[in-house]
Amino acid sequence: MSLTDALDVRACEQAFLVLRRATVLDPVAGIDAVHDVVIRDGEIAALAAPGEAEAEGAEVVEAEGLHAFPAFFDPHVHLRTPGHEHKEDVETGTRAAAAGGYCGILAMANTQPPVSTAADISALREQARASASVPVGFLATVTRAMEGTDLTEMVELREAGAIGFSDDGLPIVDAGVMRRALQYQHLCGGNIALHEEDPALSRDGAMHEGPVSAALGIAGIPSVSESTMVARDAALAGYEQARIHVQHLSAAESVEAVRAAKAAGVQISAEASPHHLCLTDEAVRGLDPHRSKMNPPLREESDRQALIEGLRDGTVECIATDHAPHQPEEKDVPFEQAAMGVTGLETAFAALHTELVLPGVIDLALLVERLAGGAEPFDLERPSLAPGSEANVVLCDLGAEWTVGEDGYESRSANSWCAGQTLTGRVLMTVAAGQVAFRLRSFSLGVAS
Amino acid sequence: MKHLLSIEQLSREEIEAILDRAESFAEVGRRDIKKVPTLRGRTVVSLFYESSTRTSSSFDLAAKRLSADLVSVKAAGSSVDKGESLKDTIATLSAYDPAAIVIRHPYAGAAQMVAGWTEAAVVNAGDGKHEHPSQALLDVYTLRRRLGSLEGTKIWIVGDVLHSRVARSNLIAFERMGAEVTVCGPPTLIPRGIEALGCEVSYSLDGVGEADVVYALRMQKERMSESFVPSLREYAANFQINPRRLNPRQLLMHPGPVNRGVELSGEAIDSPQSLIAEQVAAGLVVRMAILYELLAGAEAAPSGEGSRPTPIGTPA
Numbered sequence: 005m006s007l008t009d010a011l012d013v014r015a016c017e018q019a020f021l022v023l024r025r026a027t028v029l030d031p032v033a034g035i036d037a038v039h040d041v042v043i044r045d046g047e048i049a050a051l052a053a054p055g056e057a058e059a060e061g062a063e064v065v066e067a068e069g070l071h072a073f074p075a076f077f078d079p080h081v082h083l084r085t086p087g088h089e090h091k092e093d094v095e096t097g098t099r100a101a102a103a104g105g106y107c108g109i110l111a112m113a114n115t116q117p118p119v120s121t122a123a124d125i126s127a128l129r130e131q132a133r134a135s136a137s138v139p140v141g142f143l144a145t146v147t148r149a150m151e152g153t154d155l156t157e158m159v160e161l162r163e164a165g166a167i168g169f170s171d172d173g174l175p176i177v178d179a180g181v182m183r184r185a186l187q188y189q190h191l192c193g194g195n196i197a198l199h200e201e202d203p204a205l206s207r208d209g210a211m212h213e214g215p216v217s218a219a220l221g222i223a224g225i226p227s228v229s230e231s232t233m234v235a236r237d238a239a240l241a242g243y244e245q246a247r248i249h250v251q252h253l254s255a256a257e258s259v260e261a262v263r264a265a266k267a268a269g270v271q272i273s274a275e276a277s278p279h280h281l282c283l284t285d286e287a288v289r290g291l292d293p294h295r296s297k298m299n300p301p302l303r304e305e306s307d308r309q310a311l312i313e314g315l316r317d318g319t320v321e322c323i324a325t326d327h328a329p330h331q332p333e334e335k336d337v338p339f340e341q342a343a344m345g346v347t348g349l350e351t352a353f354a355a356l357h358t359e360l361v362l363p364g365v366i367d368l369a370l371l372v373e374r375l376a377g378g379a380e381p382f383d384l385e386r387p388s389l390a391p392g393s394e395a396n397v398v399l400c401d402l403g404a405e406w407t408v409g410e411d412g413y414e415s416r417s418a419n420s421w422c423a424g425q426t427l428t429g430r431v432l433m434t435v436a437a438g439q440v441a442f443r444l445r446s447f448s449l450g451v452a453s
Numbered sequence: 176m177k178h179l180l181s182i183e184q185l186s187r188e189e190i191e192a193i194l195d196r197a198e199s200f201a202e203v204g205r206r207d208i209k210k211v212p213t214l215r216g217r218t219v220v221s222l223f224y225e226s227s228t229r230t231s232s233s234f235d236l237a238a239k240r241l242s243a244d245l246v247s248v249k250a251a252g253s254s255v256d257k258g259e260s261l262k263d264t265i266a267t268l269s270a271y272d273p274a275a276i277v278i279r280h281p282y283a284g285a286a287q288m289v290a291g292w293t294e295a296a297v298v299n300a301g302d303g304k305h306e307h308p309s310q311a312l313l314d315v316y317t318l319r320r321r322l323g324s325l326e327g328t329k330i331w332i333v334g335d336v337l338h339s340r341v342a343r344s345n346l347i348a349f350e351r352m353g354a355e356v357t358v359c360g361p362p363t364l365i366p367r368g369i370e371a372l373g374c375e376v377s378y379s380l381d382g383v384g385e386a387d388v389v390y391a392l393r394m395q396k397e398r399m400s401e402s403f404v405p406s407l408r409e410y411a412a413n414f415q416i417n418p419r420r421l422n423p424r425q426l427l428m429h430p431g432p433v434n435r436g437v438e439l440s441g442e443a444i445d446s447p448q449s450l451i452a453e454q455v456a457a458g459l460v461v462r463m464a465i466l467y468e469l470l471a472g473a474e475a476a477p478s479g480e481g482s483r484p485t486p487i488g489t490p491a
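Heads up: the sequence lines are chains A and B, in that order.
Numbering of the first sequence is given in our numbering, commencing with residue 5 and proceeding in unit increments.
Numbering of the second sequence is given in our numbering, commencing with residue 176 and proceeding in unit increments.
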């Protein structure tokens, strides 16, 4: 399904834009050339020869030297509503997404109360139609109130518009409950996104278990607390011929478990977050919870390398931010007491471009492909720049340097894992579902001709 | 040195400077009037979020011996009980313009965060299971007095290393002073990756005969209910330090309080090899030296006095 058919967004005017002489890169569609990109009536109307597109009545953006990519899709965002609107809501969270170059996001259901009924889904969808800058879809919980014991009314939830299911924030500990959910998926459809953690192994851990946790005296979360659950759920999904999406992979062993499951024919997809791709547990040494406290935790360099290898070979098909806003009072406390999670929507592209593409670890095309890879696991059309596609475009200046947080954030929360860092590569403009969802204030646009 | 947050942050020279200073306070302690006017008119806040006998009483007495005004706050019965955040508590206490805040807190990094919120010098008196730098300094002081130097000394730290801030600080301090450290205990109580700190790891006491110093850690009873060990009886059978396992050449240390009959036998505690009483006595002078170094060290040092610290002042 196209993003506009499946997701909800505040309806605005459809843009009529010409991105003049943009460097267009869409590796999946096989496009890598300079074009005039014509956006009209919600579609990529044409990729014309540079300087050739008819611009009568259009807003013309002089995009020479700038890059146009398929806009990004994030299948893992915490919008915090209902219940924690002091951290984020649909309006601020989708504004942050638009500023990061996203044309669509999926919101997690671990709100207060959790999104567990058709009425919850309907209310959120209505909010999205009133206030979302980019199309947003909502997941419902797998189990009632995320208690891990009884399934939600998954058929009714799907009919109300739930894109899929997740108890994210908590694992589904009981293998029997997990199995029932997978069986029931054959009736209700919808992917099941899994936060993989065995609490008997992670216990009261607050960071990755290894030399750094040993030095800091902080209880560790061992890699096997994640990888054993990935392996269990992959086995269950294979047995039930069902489909799962593994969230925020952090450990090398987990990447290996997903790779093995894929090789065995299991329907499994996986995501990795920008912070796990850029940082290791060495970042915890400063004991600053604003940037380094999250679940799953930052792990070791060998884990980070395994995640990058997973991106390369397709074991990890998408990058998801796990955007998790928190307020200062939840982070201005000693590390072990601090809330888990960091924000990421506004910085994902720039951070990964700076940390992975510029040093030559991965190439730009792979980053662009993986940042838009989160749609397909949830049966949504991958954003594309092929003519005739829904208009989901991000325009970036790959040479622009900026300091994270210096102009504030679109998000209501400021717990960015790269706050204060100078990044290279900036989103200038985002078109989502044919509408201009974001433009950088300082980015001067051409006038309508 | 603005704060004392960890041993990790200290160089060998900085450790030795504090120990030298402590030696001169030991001399003051032998006078009839044990008080010096160094910190007269200045305020020291001691803020303890966890129970403590030795550390809190010796820091309090150290501040008083230096003539500071002392404000002692215990978490129980204070605004902490009413749900005030650490940050707000520090803001409140900082309004008294203290020269130093001595803090013990149940979580790692607390002292370091406090240092970012106040103008006062911050002394970490224990942060979670992370560090307990003043304990390590007094232990190094005690050993240096007995042995002259720690260079080449073999030290075994035995017991619940996983949950011990003393183990971490002492391991780093002993190594920085030139000792070779082995940590020993059941595998369930040795943190994975600890060898990255440069120590050896042993899961049995079989090799403890090589040690010049055996440093036993407190074994907390609740570790049993969390099934880190099957029983205190089995723990004691394998890891208790007693005369059978200790040879007369070896020195025995313990940070206290001791569980008699668990990590140490009564005979071992009371044996002449035991430095436990000396450790407690060292606590006072070392903590005086810490407060002195942070609050009066640099500006009070007179010129031309050589390396020996002298500005202890006249009796108050």
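Yeah, the Cβ is synthetic: ideal placement off N, Cα and C, and Gly gets one too.
Computed from a prediction, not measured in an experiment: that's the story for all the values here.
Can you find a heavy atom of the ligand SAM that lies under 7 Å from the Cβ of E66(A)? Because no ligand of any kind appears in the structure shown, any question about the ligand SAM cannot be addressed here.
With 16 other Cβ atoms within 10 Å as the buried cut-off, status of Y271(B): Its Cβ having fewer than 16 others within 10 Å, Y271(B) is exposed.
Along the segment 270 to 300 of chain B, where does the CB come closer than 8 Å to a CB of chain A? Name the residues. Residues H280, Y282, A283, G284, A285, Q287, M288.
Within the same chain, show all residues whose beta-carbon is closer than 6 Å to that of A348(B), passing over the 5 residues directly before and after it, in chain order. Excluding sequence positions up to five before and after A348(B), its CB lies within less than 6 Å of the CB of I182, A311, V315, all in the same chain and listed in chain order.
For the putative contact between D172(A) and A197(A), defined by C-beta atoms under 8 Å, what is the C-beta separation to the nearest angstrom? That belief holds up - the Cβ atoms of D172(A) and A197(A) are roughly 6 Å apart, short of 8 Å.
Does the beta-carbon of Y282(B) have 16 or more other beta-carbons within 10 angstroms, so that it is buried, or is it exposed? With 16 or more other Cβ atoms inside 10 Å of its own Cβ, Y282(B) counts as buried.
Buried or exposed for P226(A), going by 16 or more other Cβ atoms inside 10 Å? Burial call: buried.
Leaving out five residues before and five after M459(A) in sequence, what residues of the same chain have Cβ atoms less than 7 Å from its Cβ? Outside the shown range of chain A (5 to 453) lies residue 459(A), about which nothing can therefore be said.
If we cut at 8 Å on Cβ distances, does G214(A) have a partner in chain B? Chain B contact via Cβ: present.
With 8 Å as the threshold, decide whether the Cβ of M298(A) is near any Cβ in chain B. Chain B contact via Cβ: absent.
Hey, T317(B) and Q415(B): beta-carbon distance below 8 Å or not? Going by C-beta atoms, T317(B) is not nearer than 8 Å to Q415(B).
At the level of alpha carbons, what is the spacing between S137(A) and I48(A)? Their backbone Cα atoms lie some 19 Å apart in a straight line.
Short CB-CB distance (under 8 Å) between H305(B) and chain A: With respect to chain A, the C-beta atom of H305(B) has a partner C-beta closer than 8 Å.
Does DSSP put H280(A) in a helix, in a strand, or in coil? Correct three-state label for H280(A): helix.
Reduced DSSP category for A10(A) - H, G, I as helix; E, B as strand; rest coil: The answer is helix: DSSP assigns A10(A) an H, G or I state.
Would you say G87(A) lies against chain B (beta-carbon separation less than 8 Å)? No, because no Cβ of chain B sits closer than 8 Å to the Cβ of G87(A).
Segment contact flag, the segment 326 to 334 of chain A with the segment 380 to 388 of chain A, C-beta cutoff 8 Å, min 3 pairs: The segment 326 to 334 of chain A makes no contact with the segment 380 to 388 of chain A, as fewer than three CB pairs between them are under 8 Å.
Tell me whether the segment 206 to 215 of chain B and the segment 324 to 336 of chain B touch, counting them as touching only if at least three CB pairs, one residue from each stretch, are closer than 8 Å. No, the segment 206 to 215 of chain B does not touch the segment 324 to 336 of chain B.
Between which two residues does the beta strand (DSSP E) harbouring I416(B) extend? Here I416(B) belongs to no beta strand (DSSP E), and DSSP marks it neither H nor E.
CA-CA distance, S402(B) and L291(A)? The straight-line gap from Cα to Cα measures roughly 29 Å.
Using a Cβ-Cβ cut-off of 8 Å, state whether V451(A) counts as contacting chain B. Confidence at V451(A) is low in this model, with a pLDDT of 42, below 50, so the placement of that residue is unreliable and no value is reported for it.
I'd like to confirm the pairing. Which residues does DSSP put opposite G108(A) in its beta bridges? Looking at the DSSP assignment, G108(A) forms a beta bridge with F77(A).
Give the list of continuous alpha helix (DSSP H) stretches no shorter than 4 residues that lie fully inside the segment 20 to 82 of chain A. Runs found: none.
Can you give me the C-alpha to C-alpha distance between A201(B) and M233(A), rounded to a whole angstrom? Spanning the two alpha carbons is a distance of roughly 58 Å.
Touch check for the segment 384 to 400 of chain B and the segment 338 to 345 of chain B: three-plus C-beta pairs under 8 Å? As far as the Cβ criterion goes, the segment 384 to 400 of chain B touches the segment 338 to 345 of chain B, which means the pair count is three or higher.
Keeping to the same chain, check which residues put their C-beta closer than 8 Å to that of E157(A); ignore five residues upstream and five downstream. Around E157(A): T121, A122.
Helix, strand or coil at I139(B) according to DSSP, with G and I counted as helix: Shown here, chain B extends from 176 to 491; a query on residue 139(B) therefore has no answer.
Kindly indicate which three-state DSSP category R445(A) falls into: helix, strand or coil? In this structure, R445(A) counts as coil in the three-state DSSP scheme.
From what residue to what residue does the beta strand (DSSP E) around D302(B) run? Residues 296 to 302.
Taking the DSSP output, what are the residues bridged to K329(B)? K329(B) is bridged by DSSP to E355(B).
State the beta-bridge partners of W406(A) as determined by DSSP. Looking at the DSSP output, W406(A) shares a beta bridge with L427(A).
What are the residues of the segment 360 to 373 of chain B that lie near chain A, defined by any Cβ-Cβ distance shorter than 7 Å? Residues passing the 7 Å Cβ filter: P366, R367, G368, I369, A371, L372.
Take G424(A) and list the residues in its own chain whose beta-carbon comes closer than 7 Å to its own, dropping the five residues that flank it on each side. The residues T407, V408, G409, in chain order, have a CB closer than 7 Å to that of G424(A) in the same chain once the five nearest residues on each side in sequence are set aside.
Cα-Cα separation between L281(A) and G108(A), rounded to whole angstroms: Their Cα atoms are separated by approximately 21 Å.
According to DSSP, residues forming a beta bridge with R367(B): R367(B) pairs with nothing; no bridge assigned.
Proximal chain A residues relative to R393(B), where beta-carbon distance stays under 9 Å: Within chain A, not a single residue places a beta-carbon under 9 Å from that of R393(B); the smallest gap is close to 15 Å.
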